[in-house]
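Protein chains in written order, with the working numbering: chain A, 1 to 369; chain B, 1 to 387; chain C, 1 to 332.
Structure first, commentary second.
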Amino acid sequence: MVTQDHQMVELEEGLVLEEGKLPKSLWRVRLTLARKVLRKNWRLFSENKIGLFGLGVILLFALIALSYPLMRSIGPWQNDTVYDPITGYEAVLEDFEIVLTEADVVDPTTQMDANTAQLFCFGVAAGDICTVPRQPARPGPDHWLGTDPLGRDIASQLAYSTRAAFLLGLIAALVTVIVATIIGSVAAFYGGWIDNVLMRLADLVLLLPLIPVLIVMSGLLTITLPLLGVLIGILSGFGGTAIVLKSQALSIKVKPFIDAARVAGGSNRHVIFAHIIPNVLPLSFLFMVFTVTEAITLEATLSFFGLLNVPMSWGIMLNIAQTEGYLRFGLEYWWLLVPSGLAVTLLAAGFFFVGRAMDEVVNPRLRAR
Amino acid sequence: MLKFVSRRLVQMVGLFFLFLTLVFFLLQAQPGDISNLFIDPNLPREVQEQLRERLGLDGSVWSQWATYLTNFVRGNLGVSFSQYPRPVLDIILEALPRTMFLFTLATLCSYIVGFSLGKHLAWRRGGFSEYSVTIGGVLLYTVFYPWFAVIVILTFGSRLGWFPINGFLTPEFWRNAPYSGNQVFTQMILSLFIAGAIAAFTAWWARRQKDRRRARLIRVTGYGASLGSIVVFWALRGDMRPYALDIAHHSVLPVMTLTLVAFAGVMLLTRGSMLETLREDYILTARAKGVPERVIRDRHAARNALLPVVTSFVLGLAFIIGGGVVTETVFSWPGMGLLLLGSTVIEDVPLATGALAFIGILALVAHLVVDILYAVLDPRIRIAGGR
Amino acid sequence: MTARTVLEVKNLVMNYEIKAGMVSAVENVSFSLPQGKSLGLVGESGCGKTSVALTLLRLQAPNARILGGEVLLDGENLLDLSSEEMRKRRWSGISMVFQGAMNSWNPVYTVGDQILEAIDLHWDPKPTAAKARAKIVELFGLVGLNPDMIDRYPHEYSGGMKQRAVIAMALSCDPRLIIADEPTTALDVIVQEQILAELKKIQEQMGMSIIYISHDIAVIAEITDLLGVMYAGKLVEVGPTVEVFARPRHPYTWLILSSTPSITGERRQLAPLEGEPPNLLDPPTGCRFHPRCPFATELCVTEEPPLAVIDDGHSVACWHHEKVPVGVRSGR
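Written as structure tokens, this is what we have:
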């Protein structure tokens with residue numbers, strides 16, 4: 001936290017200096033200084049290869065998320081209800097060669113035994129070709145990643161869900177930062193019993209395993225995507241993040257500029273909002289990043305169990321593959337299994353890598369000599 | 001040390017009541033009135049009132065809260081809706097050992113694997129191995145867990161056929177068994193507990209020895225006896241052994257999967273902690289003393305790097321418990337997690353909240369155990385009694 | 001009768017490799033130390049004295065590159081040894097008392113166990129538990145610690161006690177040479193005096209050699225036989241302590257002595273040393289002190305002065321050593 005502290009002093013000293021010359025608004029000065037700090041930190045960050053890799057992954061997914069509205073409005077999925085991730089339907093027709101008995105079926109993706117074939121093409125015999133509508137359909141020119149067991153386009157679902165994942169992450173991260181910064185600052189500023197009560201609660205929330213709590217909650221309320229974001233944000237913001245930010249706020253509380261603000265007649269509210277919170281914020285961005293990781297994996301897990309009221313997400317995609325019984329075939333239906341699972345894993349890891357790299361920037365003890 | 005532990009114990013009890021309160025208000029917060037779950041709104045009003053009174057739902061929120069807490073302490077968690085009229089406590093106590101078994105084994109494995117990998121990562125910084133292990137570890141840490149579990153099952157269960165796909169035991173095999181699954185499982189836990197107790201006693205006794213050679217002798221025989229106790233235990237229960245092996249066989253995949261996703265967190269923490277420890281002056285002193293590098297790494301650096309890793313166990317606890325719930329569900333391991341999800345889905349509210357409360361207890365107890373372990377590991381706390 | 005030479009350092013050159021280039025930390029340093037004598041190495045922080053000390057034990061940082069020279073301990077070049085052989089020489093040949101005794105102890109083991117570790121590693125044959133214990137008790141007595149403290153943990157020691165225990169540990173394997181790197185810097189003055197006096201006493205009793213490293217020339221002067229002055233990675237003057245104090249021949253030595261107050265001497269204005277130590281990424285040409293030297297000439301900028309003997313055992317690296325006045329300079 002050394003550089004962090006140092007930057008804060010700079011931030012506030014720079015403020016005093018600039019104010020001596022020409023009076024600017026507090027936030028504008030801070031912004032200028034923040035830009036300087038940001039440039040320096042970016043240099044440190046960019047030395048971390050794993051962090052850059054994470055950033056690359058996030059940008060890739062941002063492009064995928066962005067591609068969805070483009071594809072639907074001007075791209076190849078334009079005005080075509082087939083490509084709606086939730087209500088779209090298309091059963092791709094596939095030709096099957098009819099073979100005599102079940103035992104002769106060598107390749108079930110191109111051959112069909114005569115008995116089964118009677119259900120689709122009445123009166124065919126061995127050697128004939130029977131055309132059958134297939135869902136899930138394998139990847140092809142119309143459906144780049146195939147269709148799901150309900151005949152919906154996987155690629156479109158994937159892109160649509162990416163957007164939902166970012167949205168969820170954003171909500172959770174924002175709520176975390178708001179909750180944690182306010183709780184941390186208030187606990188540090190007032191101390192005494194307020195601090196005590198808040199920190200005991202934080203201890204408790206820290207111990208709470210999120211998954212079981214959210215599972216039980218899902219039984220009691222209807223959880224939608226924004227509500228899930230808010231819940232994750234509150235639960236992760238009130239726990240460890242609040243505790244760390246409190247200690248950061250404590251170290252700021254004893255800085256001379258806080259006394260100066262008090263002497264100048266600043267109210268408690270003014271001191272908290274104008275001085276403590278802005279100086280705690282940089283550290284809280286770090287926790288935002290980790291919260292995004294948590295939110296993405298949590299949503300996927302809860303959706304997989306079918307506990308959320310979400311129209312479409314990566315978790316739902318896998319949930320459908322499971323409830324329709326396609327998971328036990330393994331890689332035979334890889335397009336049902338791989339895209340959603342990989343997307344969750346990669347995007348969550350991307351945010352985690354970025355968070356770790358940021359941690360090394362903020363926390364120089366972790367850096368190489 | 002006693003002072004330290006007893007103070008933590010009091011704090012834990014306080015935290016637990018706070019937790020119960022939270023669970024209680026979670027119940028209150030659901031839309032509508034909880035009594036709607038129990039009372040048919042088509043009944044006449046007077047009957048409804050009567051029922052409400054009988055169920056203790058007529059008082060204020062606070063009196064209901066007090067009743068809830070007292071009932072909980074008395075072990076009265078209500079009656080399950082879905083397995084009526086079985087008491088919730090009864091159902092939970094049956095599932096609890098299975099969860100603790102899974103949780104304890106996976107935690108131990110992930111700490112051992114994570115710690116030794118993290119230690120090596122910090123010792124040899126940089127290079128391809130660091131990048132690949134870090135990236136691999138993080139990918140496992142952030143993996144879409146149910147998906148990963150499915151892949152593990154598909155690979156080791158379906159394709160390779162090394163392990164059973166799911167469940168706690170093989171029903172066909174147990175059809176004519178003279179024992180119930182729980183009987184055998186209890187014996188398995190007893191056996192592990194005996195071995196663990198012998199090992200813990202050995203560690204404690206060896207520590208008290210002034211003479212190093214004697215301490216080593218005690219360690220070798222003690223840990224040997226710990227392993228031997230398992231062999232002897234099962235040699236004496238020959239007819240139960242195949243059934244125990246069946247359960248053990250079923251537990252391999254869940255434990256392995258949970259370990260794989262949980263170790264990376266420990267690994268990254270150890271690496272950071274070890275990097276800081278390696279900068280300490282006493283490492284330089286040890287080098288100057290001519291202590292071999294491997295001993296510096298293990299006895300001096302890693303031993304100290306372990307302390308923050310143990311403290312941060314609390315942070316990993318929620319992760320591994322959450323992971324345990326998912327594991328049990330995907331592998332149909334009939335523990336608390338499966339109970340929790342199952343009862344939630346069928347809206348068996350008393351069972352779901354009871355299970356949640358017990359998962360909370362599990363977390364608190366684990367927290368306490370780790371606090372004690374920390375005090376044992378750090379002489380500054382063991383002797384000064386904590387700050 | 002001349003005493004046997006324990007340590008001889010010849011033309012030692014060591015650089016640190018950093019992103020910006022090579023830092024010339026130790027440049028062509030040579031000195032020798034006879035059996036039973038003590039040598040003080042003084043200089044500003046960053047002048048390379050700790051680098052020299054660590055290099056003697058081959059404990060230099062991973063980015064350090066030894067580019068040349070020899071370190072002869074009883075005639076054996078330590079720089080040629082395999083790392084396993086070097087490991088065996090550590091503590092039994094050369095032991096070290098480190099800068100921050102506070103942090104020299106591993107917090108999770110008792111002090112006695114940590115001393116025992118050194119004994120177990122280096123005594124040949126390995127002593128019995130009782131014998132090792134007796135040695136530790138003896139060492140504790142020697143440094144003035146209560147033997148009851150042996151089984152206590154470092155956090156139960158005060159700062160001075162930790163430092164005494166560090167000295168006890170340094171003595172545990174009867175080394176021929178002890179390097180004491182700022183042994184008392186973190187302690188208060190009274191404890192500092194006591195510990196230095198005890199070190200001196202022990203050294204005389206056991207007849208070992210000591211190298212003291214300090215930034216404080218006054219502290220070192222009281223207890224050493226020889227004095228070496230380092231500036232910017234180079235040894236600029238070395239000689240008998242009394243001699244160097246009475247007649248400093250290098251302008252840098254002269255200037256730092258002038259900026260040090262004397263309790264017994266006359267009252268005078270102190271003359272502070274002006275200028276900054278040079279950037280060792282790009283050291284000055286010729287004599288590294290020339291930018292700050294009042295006597296510098298064209299020659300000093302172009303040619304590097306060798307360390308030349310000017311008196312019996314007194315050497316100096318300066319083209320103009322005869323210009324340096326006798327006695328200290330007075331400030332304005």
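Using N, Cα and C, we set each Cβ at its ideal position, and we do this for glycine too.
A straight-line Cα-Cα distance of about 7 Å links residue 192 of chain B and residue 230 of chain B. Taking a Cβ-Cβ cut-off of 7 Å, the neighbours of residue 282 of chain B in chain C comprise 103, 104, 105 and 106, given in sequence order. Residue 308 of chain B is outside the set of residues whose beta carbon lies under 8 Å from a beta carbon in chain C. Interface residue (Cβ-Cβ distance to chain A less than 8 Å): residue 141 of chain B is classified as such. Look at residue 324 of chain A here: in three-state DSSP terms it is coil, with no helix or strand label.
Around the beta carbon of residue 172 of chain C, 16 or more other beta carbons sit within 10 angstroms, so the residue counts as buried. Take the alpha-carbon of residue 146 of chain B and the one of residue 277 of chain A: they are about 39 Å apart. The alpha carbon of residue 282 of chain B has as its nearest neighbour, out of C:86, C:97 and C:308, the alpha carbon of C:97. Sorting C:213, C:17 and C:83 by C-alpha distance to the C-alpha of residue 58 of chain C places C:83 at the top. The beta carbon of residue 358 of chain A sits no closer than 8 Å to any beta carbon of chain B. Between residue 43 of chain C and residue 215 of chain C, the CB-CB gap stays under 8 Å. In this structure residue 308 of chain C is exposed. Its beta-carbon is surrounded by fewer than 16 other beta-carbon atoms within 10 angstroms. For residue 11 of chain C, the CB contacts under 8 Å within the same chain, skipping 5 residues up- and downstream, are 28, 29, 30, 68, 69 and 70 in chain order. It is roughly 14 Å from the alpha-carbon of residue 192 of chain C to the alpha-carbon of residue 166 of chain C.
Contiguous beta strand (DSSP E) elements confined to the stretch 103–156 of chain A occur at 111–113 and 129–134, taking only those with 3 or more residues.
When Cβ-Cβ separations below 8 Å define contact, residue 290 of chain B makes contact with chain C. A Cβ-Cβ contact shorter than 8 Å links residue 241 of chain C with residue 40 of chain C.
Interface criterion not met: the Cβ of residue 7 of chain B is under 8 Å from no Cβ in chain A. When Cβ-Cβ separations below 8 Å define contact, residue 163 of chain A makes no contact with chain B. With 16 or more other CB atoms across the displayed protein chains lying within 10 angstroms of its CB, residue 246 of chain B is buried. For residue 145 of chain B, at least one C-beta of chain A is nearer than 8 Å to its own C-beta. Taking 9 Å as the Cβ-Cβ cut-off, the stretch 136–158 of chain C approaches chain B at 151, 152, 153, 154, 155 and 156, given in chain order. Residue pairing by DSSP puts residue 179 of chain C in a beta bridge opposite C:96 and C:211. If you draw a straight line from the Cα of residue 220 of chain A to the Cα of residue 86 of chain A, it comes to about 26 Å. Judged by DSSP in its simplified three-state form, residue 10 of chain C adopts strand. Beta-bridge analysis with DSSP links residue 193 of chain C to no other residue.
For residue 123 of chain C, not one C-beta of chain B is nearer than 8 Å to its own C-beta.
Counting only runs that start and end inside the stretch 193–256 of chain B, the alpha helix (DSSP H) elements of at least 4 residues fall at 212–235. The contact set of residue 158 of chain B on chain A, defined by CB atoms closer than 8 Å, consists of 328 and 330 in chain order.
Nearest Cα to residue 183 of chain A within the set A:245, A:55 and A:56: A:245.
Contact check for residue 119 of chain C and residue 127 of chain C: beta-carbon distance about 6 Å, within the 8 Å limit, so the pair qualifies. Here residue 353 of chain B is buried: its Cβ has 16 or more other Cβ atoms, across all protein chains shown, within 10 Å. Nearest to residue 269 of chain B by C-alpha distance, out of B:71, B:15 and B:116, is B:116. Taking C-beta atoms as the reference points, residue 272 of chain A and residue 344 of chain A fail to come closer than 8 Å. Within the DSSP bridge table, the entry for residue 24 of chain C names C:15 as partners.
Separation of the CB atoms of residue 129 of chain A and residue 97 of chain A is rounded to 6 Å, and the pair is thereby assigned contact status at 8 Å.
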